[in-house]
Amino acid sequence: MENQAEWHGTAPNVKYDLIGKLVDETGLTRKAVIAILQGIQPHVFNQFKDNPEEFIVKVAALINDEKATAIIEHITYDVLDEHYGMDVFTDPTIKGKLGVNAMKAKKHLYDHIVYDSSNERDFATDLDTNTDVAVYVKLPDGFYISTPVGHYNPDWAIAFYEGSVKHIYFVAETKGSMSSMQLRLIEESKIHCAREHFKAISNGNVVYDVVDSYKSLLEKVMK
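Just so we're aligned, residue 1 is where the sequence shown starts under our numbering, counting upward by one.
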């Protein structure tokens, strides 16, 4: 049977189940998978003998990352008639403990907000007390953007009072430190897709960007 045959293109005694598994995990053709395996240095390929399962997982992950990068570089979004209903904000049950991971809020969609970090807490406090902000919401998990590398859930949606800033509607992703930030490839890819998504659906009326504080947010909306 084919899946029991040996393949000698890269190393002796390599079973076809390696190729078949990579085909299943990546969606590539057998020919493409063989070409990739032939390009692997022998000392690296020998790791397959030591731990076949780990080797397949790592190779498949690398291939899929490269596929996603190639797709994302040319991604575009088209506007459809579909839209999120208000239940995306009303259905979820959000739980938190005041002073631990929750705080009272005045301008938030709900009268309390649950945060994931001290940076998010400080950001929400600044949004809540700034006179330019009309309303904001910590976006629920049910609100997401589809990307080639999985669903992406932005952190915040913010509306400013008209006339106070250049860009009234802003969707933000908050990160603890912009200067030392090292985003993983998949996260970078999702953020790139989010930028393209909001460009397509809002005709420039909604700005999306990554910020690390309310100060950096203001710099973005004033541009």
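All residues carry an ideal CB built from backbone N, CA and C; glycine is no exception.
Since the model is a prediction, treat every value here as computed from it, not as a measurement.
| Asked | Found |
| --- | --- |
| Do you know how far the Cα of L217 is from the Cα of V210? | 8 Å |
| Do F198 and P140 have their C-beta atoms within less than 9 Å of each other? | no |
| Work out the CA separation of I201 and D132 for me, nearest whole Å. | 25 Å |
| Less than 9 Å between the beta carbons of Y110 and I94, yes or no? | yes |
| Determine the direct distance from the alpha carbon of A194 to that of T147, and round the result to whole angstroms. | 8 Å |
| So which of P42, N51 and L18 has the shortest CA-CA distance to K31? | L18 |
| What do you reckon, is the C-beta of T174 under 8 Å from a heavy atom of the ligand SAH? | Within the structure as shown, the ligand SAH is missing, as the structure has no ligands at all. |
| Verify whether the separation of the beta carbon atoms of I36 and I72 is less than 9 Å. | no |
| Over the uninterrupted alpha helix (DSSP H) stretch that includes S118, give me the two end residues. | S118 to T129 |
| Under three-state DSSP, which class holds Y115? | coil |
| Which stretch, first to last residue, makes up the alpha helix (DSSP H) that contains S146? | From DSSP, S146 is part of no alpha helix (DSSP H) but of the beta strand (DSSP E) over I145 to T147. |
| Apply the 10 Å Cβ neighbour rule to A68 and answer buried if 16 or more other Cβ atoms are within range, or exposed otherwise. | buried |
| Less than 9 Å between the C-beta atoms of Y214 and L127, yes or no? | yes |
| Taking V133 as part of the beta strand (DSSP E), name the residues at either end of that continuous run. | V133 to K138 |
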